[in-house]
Structures are given as C-alpha cells and as structure tokens.
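The next block holds one structure in the form of structure tokens; read it before the comments.
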Amino acid sequence: DVKVTQSSRYLVKRTGEKVFLECVQDMDHENMFWYRQDPGLGLRLIYFSYDVKMKEKGDIPEGYSVSREKKERFSLILESASTNQTSMYLCASFPGGSGSPLHFGNGTRLTVT
Amino acid sequence: LAKTTQPISMDSYEGQEVNITCSHNNIATNDYITWYQQFPSQGPRFIIQGYKTKVTNEVASLFIPADRKSSTLSLPRVSLSDTAVYYCLVGNSSASKIIFGSGTRLSIRP
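As they're listed, the protein sequences go chains R and F.
Just so you know, we're using this note's numbering here: the first sequence kicks off at -14 and counts up by one.
Just so you know, we're using this note's numbering here: the second sequence kicks off at 60 and counts up by one.
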C-alpha cells in the first residue's frame, strides 16, 4: 500500500514564524500536491510538483512556497505565518498514468496564534 | 480540467442504497472519473474509478452513461460509517493540476 506521511498531525505556531510542513511518500510517485481544507471551502490546491525541483502554483499560492529536493519529499513553507493560514493541510501523491488515483496523508492541522 | 457539479448534501438511512450523481459536461476523451471519500480529520481516500459503462468493487459501483457527461456513485446498503464527504474528480494522467470540487456531504441516520 502507498504510504503518504505528514510529519506532524497538529502544529501550533505564532504569527510571523517560518513554518515547515513535511510530506514523504514511499512509492516513487512523480507528482505531489499540497492542499488546504477549510470549512465550507473544500480542498484548495496550493502548489504541486511533477518532478524533483519542479513546482507549479495551484489556485492559492500566496503566502506559501514549496521545496522538492528529493522525489519522495515535498515540503510546504509558510515564510511568515499569519492567522488566516490556520487550516488543515493535506499532502497527496500521484504516480501518473491512466487509472491512477491520488493518495493522501492524514493531514496537519495548523493553528497560527 | 473538467469542472464537476455535485449536490452539496444528501441524507439517507441505514440499509438503503444511496446514489450520488456528478455532472461533468466538459469531460475530455481521455479523462477518467474518480470518486473519493473523506472522513473528518482525515485525508480523502480513493473509492472507485471508471472510464465508461459500469465499474463495481467491494465498496461501491460507478455508473457512467454513454455520453460520459455525468456519473453516479452507488453505495449499496449504507451504514452509519458511510457518513462522509464524497468527491467526484475528472482528469487523466497528464492533468497535473488536480482540482477538487465542493463534494457531497452524506449523512446516514439509524
């Protein structure tokens, strides 16, 4: 079974801190994604990566950056955390190819105070 | 990427069959239709995927008409544990920007 692991289940940070959310997948998938999920807004795509060192903006990239130095790891970075970035963050990976579904981690619930 | 439209919410009772329909009028020829289930405080998980006609697995069936502009997820004999949000996605292997719609919040009552 594919495993997508997010390093923290719960995180509390202060406004202005630099925050790193880490995601690791163990199936050599090409594509990785970061979403945030807020009540009433569903899952919104922040960034995705289709290869090492490659990244593309999703629908809401403002205030975030990403890093993909190795194929298995995709990091989401909040350069200066703000209270409106309090949310559930979900990482997913996707191998590509017809009939391949997304595989999600269990999420990181980030609270910025 | 094809946009999808689903009902915001549905209610049903234990033991009933539940059908959730998704509209995707702009589906492309090489797009697949994939359904995910999400429980609170968890990531979505894959339920079923299809391209045309009917697909069945141990948890659900997926019905896709010939024009492929819609699809119906069928959950047989639901239980309380089927209470979740269900998402329909349309895309293919080259669609790297994968966007989720609002999903359908399914509530099952005793």
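Cβ coordinates follow ideal geometry from the N, Cα and C atoms, glycine included.
Quantities reported herein were computed from a predicted structural model and do not represent experimental measurements.
Closer than 8 Å to chain F by CB, residue i
| i | result |
| --- | --- |
| L(-4) (chain R) | no |
| P46 (chain R) | no |
| P24 (chain R) | no |
| F18 (chain R) | yes |
| V6 (chain R) | The residue you asked about is not Val; residue 6 (chain R) is Leu in the sequence shown. False, the Cβ-Cβ gap to chain F never drops below 8 Å. |
| G1 (chain R) | no |
is_contact[residue i, chain R] using C-beta, thresh 8 Å
| i | result |
| --- | --- |
| Q75 (chain F) | no |
| S161 (chain F) | yes |
| R136 (chain F) | no |
| F98 (chain F) | no |
| T115 (chain F) | no |
| I167 (chain F) | no |
| Q65 (chain F) | no |
| I158 (chain F) | yes |
Test item: CB-CB of residue i and residue j under 8 Å
| i | j | result |
| --- | --- | --- |
| S166 (chain F) | G27 (chain R) | no |
| V9 (chain R) | R58 (chain R) | yes |
| Q77 (chain R) | L87 (chain R) | One detail in the question is off: residue 77 (chain R) reads as Ala in this sequence, not Gln. Yes, Cβ-Cβ distance for A77 (chain R) and L87 (chain R) is below 8 Å. |
| I79 (chain F) | L132 (chain F) | yes |
| Y49 (chain R) | Y35 (chain R) | no |
| R127 (chain F) | K113 (chain F) | no |
| T163 (chain F) | M69 (chain F) | yes |
| E73 (chain F) | V118 (chain F) | no |
| L139 (chain F) | P169 (chain F) | yes |
Residue range of the beta strand (DSSP E) that includes residue i
| i | result |
| --- | --- |
| N85 (chain F) | Note, N85 (chain F): premise wrong, no beta strand (DSSP E); not H, not E. |
| F18 (chain R) | 16 to 23 |
| M12 (chain R) | Neither: M12 (chain R) is in no beta strand (DSSP E) and is coded neither H nor E. |
| I158 (chain F) | I158 (chain F) -> no beta strand (DSSP E), and no H or E assigned at all. |
| R94 (chain R) | 93 to 97 |
| K40 (chain R) | 39 to 42 |
| T115 (chain F) | 112 to 115 |
| Q97 (chain F) | 91 to 97 |
| K55 (chain R) | 49 to 55 |
| Q108 (chain F) | 104 to 109 |
Neighbourhood of residue i by C-beta, 6 Å cutoff - its chain only, sequence neighbours within 5 removed
| i | result |
| --- | --- |
| Q(-9) (chain R) | C8, C76, G90, T93 |
| L4 (chain R) | Note that residue 4 (chain R) corresponds to Val in the displayed sequence, not to Leu. K(-2), L63, A66. |
| N89 (chain F) | N151 |
| G109 (chain F) | I92, L121, I123 |
| P135 (chain F) | E76 |
Residue i Cβ short of 7 Å to the ligand ZN heavy atom set
| i | result |
| --- | --- |
| G25 (chain R) | The ligand ZN is not part of the structure shown, which contains no ligands of any sort. |
Cβ neighbours of residue i in the same chain (closer than 8 Å, five flanking residues each side left out)
| i | result |
| --- | --- |
| L(-4) (chain R) | V4, L6, T93, R94, L95, T96 |
| M139 (chain R) | It is not possible to answer for residue 139 (chain R), since the shown part of chain R is limited to -14 through 98. |
7 Å CB neighbourhood of residue i in its chain, flanking five on each side removed
| i | result |
| --- | --- |
| D13 (chain R) | K56 |
| G1 (chain R) | S65, A66 |
| D23 (chain R) | S72 |
With 9 Å as the C-beta to C-beta threshold (strictly closer), list the residues of the segment 63 to 88 of chain R near chain F in chain order. M73, L75, C76, A77, F79, P80, G81, G82, S83, G84, S85, P86, L87, H88
When you check each C-beta in the segment 27 to 38 of chain R against every C-beta of chain F, which residues fall closer than 7 Å? G27, L28, L30, F33, Y35
To be precise: take each residue of the segment 82 to 106 of chain F, compare its Cβ to all Cβ atoms of chain R, and keep it if any distance is under 8 Å. Which residues remain? N89, Y91, T93, Y95, S100, Q101, G102, P103, R104, F105
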